[in-house]
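Peer 1: Dropping the structure in here first, questions after.
Chains as they are written, first to last, in the numbering used here: chain A, 58 to 384; chain B, 58 to 384.
Here's what the structure looks like:
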């Protein structure tokens, strides 16, 4: 299957060029060149621009003919970039998408402050769309995102993390911005409420499916195509669904293993092997795969209110494509 | 002289109680208690609430009779708190107002993320005021603030920092939020443009005067009443006006001293003594004092468009009070 995100990228090539122009203009600061340098390092690093594409696509699904969706798409990409900069500081990451992170190349201080700067630029861009409804949506999304990030931080190495908490975390760290991206595209088109809800749901379910897939691939992925090391979440004590479910099902002896491997962070050479063995035993990888597929279907079904169109087909294919890596 | 900020505090006791209620409600998160704990540690630490008081006072100067100024005042305090949390991470501070900082008590990660959270809550509060003009003002202020913070970071230990760069830094780190605080109070009252400008200028000049005074006290203050150690800026390589002006005036031999003490960060026991000696020689402390007094007068004069009132008198006294510590 062709990557439907690439199809969207070529369908909306002109719009995305405008988005890129705005991003470049707004991340330029004459008095403080480090802002431009650090932002460009991250933003022009060849990310897929999936979130701004969703805003453009969503506006088009509602036959929007104005230009405010361009600025909103740029605002969404800036929010995403700001959270990546802060995430990498929080996680002490040295690599992202195979490249050195900004906090590694510059320093934590610059990453924190340039993240704040990009967030403020995103704020300026969204004000320019002149819609209180859009602003309210993005304010709420921002709050949900940071609440999710903080919840994730407090769940590190915490064996009692429940599935409920896990879903709250991924609603925040991933689904909130995906759903805001599609929702604001619909709001700006001044469409009826049901259409806004349909597109918002599409974004939300796609985001959940995206994160579940990512969390599964962390255990099952092929390092080359996944671009990250297998078992990183496990080593960092990040509790994701495959692990949380395994811990829930574990015998008391197995719980001892989890305590040593995760809570006490004891160096166990074969820790990942054993973890995978227990996950396999309780089918938690399959369980996670099924959850991802469920949300992929839900994303797809959200679009059923729309008449047939090529764009609708592409968005449905995107939902399938996300889980094709694990299916 | 009675502290006019205290006079404002008792004049607007009811309003400030409402502000505090909103702050407490918005910083509470049931799912992530660390948000409430860390935010309360900072926000209920007995800060003067000067910025929200300015928003309330500004709205009252325009005879505003609604309630949106309460939410805006809370939004301003949250922006301030978010920048303090991030500042303390950037500066690796262990103390603020005599208390341990959040990054010291918790960790940098939590301070970064809770800062983001408070910023997002401030964003929600300002959307509730339902004024695009207010939102645009606060978006611009946020961008100016983070630009100033980044500029300050790149000026650390940089002997070529000019007076122009210094003023750009303090416009960002201090004056931008003071002027936004007074401006939004006037905007929400739907007053004429000249009145908005007058109050915005009052806030801006007061902020500049406030920061100049603080930077001067870092060299001349009495540790007990100032609450910080003398010479901290010098030791941390932060170039403020007294130092920048001294470096500009210095002989080549004196420049060698600055290079050793600041740029190369060599430990010199009598470094601060020598620095003060050179500043004295070129009258740069007096120069800074005069700048602070100039902005105090400008703040006061900005209010001349208003008819006589007790509140106007108090605001003028506040401008005088700020420099009374150095005068």
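Glycine included, every Cβ here is placed at the ideal spot set by N, Cα and C.
Could you tell me whether the Cβ atoms of residue 177 of chain A and residue 203 of chain B are closer together than 8 Å?
Peer 2: Start at 1 with the first residue of the first chain, and residue 177 of chain A comes out as number 120. Start at 1 with the first residue of the second chain, and residue 203 of chain B comes out as number 146. Cβ distance < 8 Å, so residue 177 of chain A and residue 203 of chain B count as in contact.
Peer 1: Taking 7 Å as the limit between beta carbons, can you name the residues of its chain near residue 314 of chain B, skipping five residues before and five after?
Peer 2: Within the second chain, numbered from 1, the residue matching residue 314 of chain B stands at position 257. Excluding positions up to five away in sequence, the list reads 331.
Peer 1: In its own chain, which residues sit with a C-beta less than 6 Å from the C-beta of residue 299 of chain A, not counting the 5 before and 5 after it?
Peer 2: The residue given as residue 299 of chain A occupies position 242 in the first chain. So the list reads 276, 336, 341, 342 and 345, once near-sequence residues are dropped.
Peer 1: One question on the structure: do residue 375 of chain B and residue 62 of chain B come within less than 8 Å of each other, judged by their Cβ atoms?
Peer 2: If you number the second chain from 1, residue 375 of chain B lands on position 318. If you number the second chain from 1, residue 62 of chain B lands on position 5. Yes, the Cβ-Cβ distance between residue 375 of chain B and residue 62 of chain B is below 8 Å.
Peer 1: Per DSSP, what kind of secondary structure is residue 295 of chain B in: helix, strand or coil?
Peer 2: As a working note, residue 295 of chain B is residue 238 in the second chain. Three-state DSSP puts residue 295 of chain B in coil, outside helix and strand.
Peer 1: Could you tell me the distance, in whole angstroms, from the CA atom of residue 305 of chain B to the CA atom of residue 60 of chain A?
Peer 2: Against the second chain, residue 305 of chain B aligns to sequence position 248. Against the first chain, residue 60 of chain A aligns to sequence position 3. Answer to the nearest angstrom: the Cα atoms are 59 Å apart.
Peer 1: Rounded to a whole number of angstroms, what is the C-alpha to C-alpha distance between residue 279 of chain A and residue 222 of chain A?
Peer 2: Here the question's residue 279 of chain A lines up with position 222 in the first chain. Here the question's residue 222 of chain A lines up with position 165 in the first chain. If you draw a straight line from the Cα of residue 279 of chain A to the Cα of residue 222 of chain A, it comes to about 28 Å.
Peer 1: Check whether the region 207-214 of chain B touches the region 63-83 of chain B, taking contact to mean three or more Cβ pairs, one atom from each stretch, closer than 8 Å.
Peer 2: Using a Cβ-Cβ distance cut-off of 8 Å, the region 207-214 of chain B and the region 63-83 of chain B are not in contact, since fewer than three pairs of beta carbons, one from each stretch, lie closer than that value.
Peer 1: Do three or more CB pairs link the region 116-133 of chain A to the region 231-251 of chain B at distances below 8 Å?
Peer 2: With a cut-off of 8 Å, the region 231-251 of chain B and the region 116-133 of chain A do not count as touching, because too few Cβ pairs lie within range.
Peer 1: Taking 8 Å as the CB-CB cut-off, is residue 180 of chain B touching chain A?
Peer 2: On the second chain, residue 180 of chain B is found 123 positions in, with the first residue counted as 1. Chain A, which has a Cβ nearer than 8 Å to the Cβ of residue 180 of chain B, makes this yes.
Peer 1: Give a yes or no on whether the C-beta atoms belonging to residue 265 of chain A and residue 352 of chain A are separated by under 8 Å.
Peer 2: Mapped onto the first chain, residue 265 of chain A falls at position 208. Mapped onto the first chain, residue 352 of chain A falls at position 295. Cβ distance < 8 Å, so residue 265 of chain A and residue 352 of chain A count as in contact.
Peer 1: Assign residue 220 of chain B to buried or exposed, taking buried as 16 or more other Cβ atoms, counted over all protein chains shown, within 10 Å of its Cβ.
Peer 2: Locating residue 220 of chain B in the second chain gives position 163, where the first residue counts as 1. That one is exposed.
Peer 1: For residue 251 of chain A and residue 146 of chain A, which I take to be in contact (beta-carbon distance under 8 Å), what is that distance rounded to the nearest angstrom?
Peer 2: Reading the first chain from its first residue, position 194 is the one you call residue 251 of chain A. Reading the first chain from its first residue, position 89 is the one you call residue 146 of chain A. The Cβ separation is near 41 Å, so there is no contact.
Peer 1: Run through the DSSP bridge pairs and tell me what residue 153 of chain B is partnered with.
Peer 2: Along the second chain, one-based indexing puts residue 153 of chain B at 96. Partner(s): B:156.
Peer 1: Step through the CB atoms of chain A and report whether any lies within less than 8 Å of the CB of residue 313 of chain B.
Peer 2: By 1-based counting over the second chain, the position of residue 313 of chain B is 256. Cβ-Cβ to chain A under 8 Å: no for residue 313 of chain B.
Peer 1: Please confirm whether residue 187 of chain B has its beta-carbon closer than 8 Å to some beta-carbon of chain A.
Peer 2: The count along the second chain starts at 1 and reaches residue 187 of chain B at position 130. Chain A contact via Cβ: present.
Peer 1: I want to see whether chain B comes within less than 8 Å of residue 206 of chain A, judged by CB atoms only; does it?
Peer 2: Residue numbering aside, residue 206 of chain A sits at position 149 when the first chain is read from its first letter. Residue-level contact check: residue 206 of chain A touches chain B, since one or more beta carbons of chain B fall below 8 Å from its beta carbon.
Peer 1: Measuring straight from C-alpha to C-alpha, what distance separates residue 88 of chain A and residue 148 of chain B?
Peer 2: Locating residue 88 of chain A in the first chain gives position 31, counting from the first residue. Locating residue 148 of chain B in the second chain gives position 91, counting from the first residue. Taking the straight line from one Cα to the other gives about 21 Å.
Peer 1: Curious, which full-length alpha helix (DSSP H) runs of at least 4 residues does the region 202-256 of chain A contain?
Peer 2: 220-227 and 233-245
Peer 1: So if I threshold CB-CB distances at 7 Å, which residues from the region 199-232 of chain B count as touching chain A?
Peer 2: Listed by position along the chain: 199, 200, 203, 204, 206, 207, 208, 210, 211 and 225.
Peer 1: For residue 102 of chain A, which of helix, strand or coil comes out of DSSP?
Peer 2: Here residue 102 of chain A refers to the residue found at position 45 of the first chain. Residue state, collapsed to three classes: coil.
Peer 1: Going along the chain, which residues of the region 138-152 of chain B sit with their C-beta nearer than 7 Å to a C-beta in chain A?
Peer 2: Hits within the stretch, in order: 143, 146 and 147.
Peer 1: Answer with buried or exposed for residue 194 of chain B, where buried requires no fewer than 16 other C-beta atoms within 10 angstroms of its C-beta.
Peer 2: Within the second chain, numbered from 1, the residue matching residue 194 of chain B stands at position 137. By the neighbour-count definition (other C-beta atoms within 10 Å, threshold 16), residue 194 of chain B is a buried residue.
Peer 1: Please report the straight-line C-alpha distance between residue 114 of chain A and residue 65 of chain A, rounded to a whole angstrom.
Peer 2: For the purposes of this step, residue 114 of chain A is taken as residue 57 along the first chain, with counting starting at 1. For the purposes of this step, residue 65 of chain A is taken as residue 8 along the first chain, with counting starting at 1. Roughly 8 Å separates the two Cα atoms.
Peer 1: Please classify residue 364 of chain A: is it buried, with 16 or more other beta-carbons within 10 angstroms of its beta-carbon, or exposed?
Peer 2: As a first step, residue 364 of chain A is located in the first chain; it is residue number 307 there, counting from the start. Its Cβ having fewer than 16 others within 10 Å, residue 364 of chain A is exposed.
Peer 1: Please confirm whether residue 89 of chain B has its beta-carbon closer than 8 Å to some beta-carbon of chain A.
Peer 2: For this step, residue 89 of chain B is matched to residue 32 along the second chain. Taking Cβ atoms only, chain A reaches closer than 8 Å to residue 89 of chain B, which makes this a yes.
Peer 1: Quick one, are the C-beta atoms of residue 84 of chain B and residue 92 of chain B less than 8 Å apart?
Peer 2: On the second chain, position 27 is the one that residue 84 of chain B refers to. On the second chain, position 35 is the one that residue 92 of chain B refers to. Contact: yes.
Peer 1: Kindly indicate which residue of B:259, B:263 and B:302 has the alpha-carbon position closest to the one of residue 118 of chain B.
Peer 2: Your numbering for residue 118 of chain B matches position 61 in the second chain. Closest option to residue 118 of chain B, Cα to Cα, is B:259.
Peer 1: Against chain B, with Cβ distances strictly below 8 Å, would residue 196 of chain A count as a contact?
Peer 2: The sequence position of residue 196 of chain A within the first chain is 139, counting from 1. Answer yes: the Cβ-Cβ gap between residue 196 of chain A and chain B drops below 8 Å somewhere.
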